[in-house]
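Position in the sequence shown (from 1) plus 45 gives the number in the numbering used here.
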Amino acid sequence: MKGTATPVNLNLFITFVRVVEKKSLSGAARDLFLTQPAVSKQIQTLEELFGVQLMERVGRRIRLTEAGEIFYQHALEILGILEELNDDLIRTTAGVRGRLLIGASTVPGHYILPSFIGRYKRQYPEVKVSLEIGDTGSVVNSLLEQRVDLAVVGATVKNNKLVSTLFAADQLRLIVPAAHPLATRTSIRIEEIVQENLIWREKGSGTRRVLEDRLADQGVNLDKLNILLELGSTEAVITAVEEGLGIALVSQWAIGKSTALGRIVSPELEGIDLKRNLYLIYRRQKIYSRAMQAFLDLSKLDLSKFDLSKK
């Protein structure tokens, strides 16, 4: 490359540095969402451009040559300068703008995200936010089909195209009508609820999936449950319980108003752990919009500091 002005793709520098950090081509390939042959080809391209050997294999690991050590130090400096440049340019802009499309299952969509989005909007007022609420299954489909940018759901999602991180904690609570015989009890056994009329969420609901998994773990025969109604939202389930149609298990985030008004009672359910997590999920990709990255950064804060359950 001496005496020439051949342009060098900056991605080659990024790949080289990642290989050095991971000490292997395969590790760098996983981090960069590339194939190992593609990473190997990029290193070969660098070596051909500069006319020196930068790395040598030692078993399954790689080791830098003397030229490679020099190249590595300069690559770090170049990438550091570019990062500083990017930060400086961001500071000169008017702020985060754009549109953020959020999907959510019913519990986070109705009871958690409105407050969280309010906090986000106060920090980034020029971002237009839309919230689509549905059951977990439909929200995940919207995410995979790129109709939303990210989503918050009530059950784990196993799909290697998606990143899943903890968003908030939750617990499912038993609720009974205020006039129900069980309303005078402080605790109830699992065997007792099997005999009651149950108000259940629809198939595809994260709440239903978690609940049925936990009941099955306790040896409950799900086929013997007396499910009187299947309803499409947590609010509808709570209303049905208020009207005396049956009992239900719903998110603790959803019951504050109805219990405070004395319309329902929430005894303890013995012998079963109904704690669960709510998850923030988004597509696995290299670059995210600034509006989305700002949301992801804000979500890493401790939600309990916002005391959302009281809003």
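Just so it is clear, CB atoms sit at the ideal spot from N, CA and C, and this is done for glycine as well.
query: Just how far apart, CA to CA, sit TYR324 and GLU111?; result: 46 Å
query: Take ALA74 and list the residues in its own chain whose beta-carbon comes closer than 8 Å to its own, dropping the five residues that flank it on each side.; result: THR80, GLN81, ALA83, VAL84
query: Check whether the stretch 171 to 183 touches the stretch 309 to 323, taking contact to mean three or more Cβ pairs, one atom from each stretch, closer than 8 Å.; result: no
query: By the three-class DSSP mapping on this structure, what secondary structure does LYS320 have?; result: strand
query: At the level of alpha carbons, what is the spacing between LYS320 and ARG142?; result: 37 Å
query: Just to confirm the assignment, what range does the beta strand (DSSP E) spanning LEU146 have?; result: 143 to 149
query: On the three-state DSSP scale, how would you describe PHE212?; result: strand
query: So what does LYS86 bridge to, in DSSP terms?; result: Paired residues: none, contrary to the question.
query: Can you tell me which residues form a DSSP beta bridge with SER232?; result: GLU313
query: Nearest to ARG192 by CA position, among THR60, ARG144, LEU243, is which residue?; result: ARG144
query: Taking buried to mean at least 16 other C-beta atoms within 10 Å of its own C-beta, is LEU256 buried or exposed?; result: buried
query: Tell me which residue opens and which closes the alpha helix (DSSP H) that LEU343 is part of.; result: 335 to 344
query: Which residue from ALA214, LEU127, HIS225, ASN186 puts its Cα closest to that of ILE292?; result: HIS225
query: Candidates LEU146, GLU280, ARG253: which alpha carbon is nearest ILE326's?; result: LEU146
query: Which residues in the same chain have their Cβ closer than 7 Å to the Cβ of VAL282, if we skip the five residues on either side of it in sequence?; result: ILE244, ARG246, LEU276, ALA293, VAL295
query: Compute the distance between the beta-carbons of LYS206 and LEU189, then report whether it is under 8 Å.; result: yes
query: What's the gap between the Cα of GLY182 and the Cα of THR151?; result: 11 Å
query: To which residues of the same chain is THR363 closer than 7 Å at the C-beta, ignoring the five residues directly before and after it?; result: This structure leaves residue 363 out entirely; the chain is present only between 46 and 356.
query: Let me know if ALA339 comes out buried or exposed under the rule of 16 or more other beta-carbons within 10 Å of its beta-carbon.; result: buried
query: Helix, strand or coil: which one does DSSP assign to TYR117?; result: helix
query: By a C-beta neighbour count over all protein chains shown, 10 Å radius and 16 as the cutoff for buried, is THR60 buried or exposed?; result: buried
query: Is the CB-CB distance between ILE235 and GLN263 below 8 Å?; result: yes
query: LYS331 to LEU55, Cα distance in whole Å?; result: 15 Å
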